[in-house]
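Residue numbers (my numbering): -15 to 461.
Even for Gly, the Cβ is constructed at its ideal location relative to N, Cα and C.
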Amino acid sequence: MSAHHELHIRDYDPTTSFINADAIWATLNDHAAPSRDEVLEVLVKASKCQGLSLTDAAILLQNPHADLDAQMFDLARQVKDTIYGNRIVLFAPLYVSNHCANSCSYCGFNADNHGLKRKTLDQDEIRKEVEVLLGMGHKRLLAVYGEHPRNNAQAIVDSIKTMYDVKLAPGSNIRRINVNCAPMSIDDFKVLKTAAIGTYQCFQETYHPDTYSTVHKKGKKTDYLYRLYAMHRAMEAGIDDVGIGALFGLYDHRFELLAMLRHVEVLERDCGVGPHTISFPRIEPAHGSELSERPPYEVDDQTFKRIVAITRLAVPYTGLIMSTRESAALRKELLELGVSQISAGSRTDPGGYQAAEQKHDDAAQFTLGDHRPMDDIIYELVTESGAIPSFCTGCYRKGRTGDHFMGLAKQQFISKFCQPNALITFREYLNDHASDATRDAGNALIDSELGKMSPARRRNVSQCLSQTDEGVRDIYL
Ligand code: SAM
Ligand code: SF4
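In structure tokens form, the structure reads like this:
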């Protein structure tokens, strides 16, 4: 499907951790109370959109000067605007299986939760879920699986093939499937790659080794290093779009953020390309998990905003994903600060979309903060944030991934491909799925975006929009 590019992986030692907990704490302690000048210096560096070091991030994380904090938020907004414009990519998670042999103490799927109804969707059930999602207007999915022999690489490949094969009407099919599943061996990652997946996503949860051991008591996930090197193995297998993340609430957020940036650095060093995305799950209450009701290091909204803003400044070109777990009001603020992808209309129980009318929460992983249907979310994005919802999958299908993507002149690239593709896929959504109010608001936004383009580009994009209005589907540059 996509023309992925050869990666050159440097020799690495998967038995030695690249996370040195003492060194990270030393960096934080050395910059526990930075001066105004130190903070200002980092802000000037951040404004150049070339990223930040771990030390820089430690300074911003612990900045005690309130006015400079406000300046940092403004800068994150500017960087987000310059690099991403006002696009926001939308996707839906598809929980295929809550069978899990691990015992993560924060997750409702943990093997010791005997109150959970276990379910692994069969191919027919998967098809039905995808039909519901296509009916909502989704084009991008994140397929999610518990770690269980049932969910082996081949089973995952089979389920993804089923998802890609569903077609409601011409052009109404899923165009990109990202995967969140347990880490695998290189050979199994090669099998996974045959499913033409988009991003392989796997979160370290906590980068702090002692905390990691405390919350992972049973099963394969107890192996910290095996998980830490998952992305190296995925890249070795040729999967060049990978997504990392930490589950905020398990350990000190400052440590987790620095460790995550270290992970980025090491991937760039060893694989020649950093992660395509970073995710920010915060622990949500889950049935069958006591820890989730009282996270040991709960992150409040203000701190969460700082985490997102600092990450945006530290890795300006990496996609930042926020899950459905956050409330509508907070989502709006986080979008401005640098989040570039959100899930919409999501369910976390296998079969949950189909059963949406009935209450089905007894099979869910955790309770959701945003229950609104997709059209409401899109209406709000357009009218309150002036954001263009994008369902674009162009880069991946044109082979613009991994190091190839990272190497392009970003600014130009975005106005040439991302912005036009966002408008075209949004127009598809408006024509095929939107309520009247959303369609009116959306088309007004598209017109105003066209007005900002150069005459040549405007002509080109207008032509694609006209073709879309005539019924042509899946046009992308
Ligand atoms: N089993 C695979 C694994 O653990 O990597 C993939 C599926 S797991 C359900 C996906 C992610 O859900 C985990 O990596 C974790 O960060 C997140 N998660 C688990 N419990 C959560 C909770 N209570 N609140 C928010 N996110 C949670
Ligand atoms: Fe299983 Fe993943 Fe949940 Fe852990 S986080 S219990 S591995 S589904």
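- Close to ligand 2, as judged by a C-beta nearer than 6 Å to any of its heavy atoms, are the residues Cys84, Asn86, Cys88, Cys91, Phe93, Asn94, Gly130, Glu131 and Lys205, in chain order.
- Under a 10 Å Cβ-count criterion, Thr104 is classified as buried, with 16 or more other Cβ atoms of the shown protein chains found around its own Cβ.
- Taking the CA atoms as reference points, Arg443 sits about 32 Å from Ala60.
- Every alpha helix (DSSP H) of 4 residues or more that sits fully in the region 398 to 430 is shown, in chain order, as 403 to 416.
- Assignment of beta-bridge partners to Thr452 by DSSP yields no partner.
- If you draw a straight line from the Cα of Ala137 to the Cα of Leu176, it is about 6 Å long.
- Between the C-alpha atoms of Cys165 and Thr206 there is a straight-line separation of about 15 Å.
- Residues of the same chain with a CB within less than 6 Å of the CB of Tyr460, apart from the 5 flanking positions on each side, are Gly378 and Asn405 in chain order.
- In the structure shown, the three-state DSSP call for Gln338 is coil.
- Under the three-state reduction of DSSP output, Thr377 falls in the coil class, being neither helix nor strand.
- Residue state for Tyr129 is assigned as strand, using DSSP reduced to three classes.
- By the 16-neighbour rule on beta-carbons within 10 angstroms, Glu282 is exposed.
- The way I'd put it, the region 91 to 103 doesn't touch the region 157 to 171; fewer than three beta-carbon pairs between them come closer than 8 Å.
- Taking 8 Å as the upper bound for CB-CB distance, Phe288 and Ala221 are not in contact here, some 33 Å apart.
- For Gln138, the enclosing alpha helix (DSSP H) has its first and last residue at Ala137 to Asp149.
- Inclusion of Thr452 and Arg411 in the CB contact set at 8 Å is warranted, their separation being smaller than that value.
- Under a 10 Å Cβ-count criterion, Ile(-7) is classified as exposed, with fewer than 16 other Cβ atoms of the shown protein chains found around its own Cβ.
- Beta-bridge analysis with DSSP links Asn70 to no other residue.
- Met168 sits in coil when the DSSP states are folded into three classes, being neither helix nor strand.
- Around the CB of Gly182, 16 or more other CB atoms lie within 10 Å, so the residue is classed as buried.
- The shortest C-alpha to C-alpha distance from Pro(-2) to any of Tyr68, Tyr213, Lys316 and Ala179 is the one to Tyr213.
- A check of alpha carbon separations from Leu38 across Asp285, Leu152 and Leu297 identifies Leu297 as the nearest.
- Secondary structure at Tyr363: helix, using DSSP grouped into helix, strand and coil.
- Taken through DSSP and simplified to helix, strand or coil, Arg290 comes out as helix.
- Taken atom to atom, the span from the alpha-carbon of Gly336 to that of Asp225 is near 28 Å.
- Not a single heavy atom of ligand 1 lies less than 7 Å from the C-beta of Ala5.
- Distance from the CA atom of Ala312 to the CA atom of Ala371, rounded to whole angstroms, is 14 Å.
- Listed in chain order, the alpha helix (DSSP H) elements of length 4 or more contained wholly in the region 88 to 121 are 107 to 120.
- Put simply, the region 127 to 142 touches the region 77 to 90. At least three CB pairs are less than 8 Å apart.
- In this structure, Ser276 has its CB closer than 7 Å to one or more heavy atoms of ligand 1.
- With a minimum length of 4 residues, the unbroken runs of alpha helix (DSSP H) contained wholly in the region 184 to 245 fall at 193 to 199, 208 to 212 and 214 to 220.
- With respect to Met120, Met358 sits close: the two C-beta atoms are nearer than 8 Å.
- Counting only runs of 4+ residues, the alpha helix (DSSP H) found wholly inside the region 272 to 334 occupies 274 to 277, 285 to 298 and 312 to 321, in chain order.
- Leaving aside the five residues that flank Leu36 on each side, the residues in its chain whose CB is nearer than 7 Å to its CB run, in chain order, Val26, Lys29, Ala30, Leu297 and Ala298.
- Taken atom to atom, the span from the alpha-carbon of Cys33 to that of Ile294 is near 12 Å.
- Here DSSP, grouped into helix, strand and coil, assigns Ser81 to strand.
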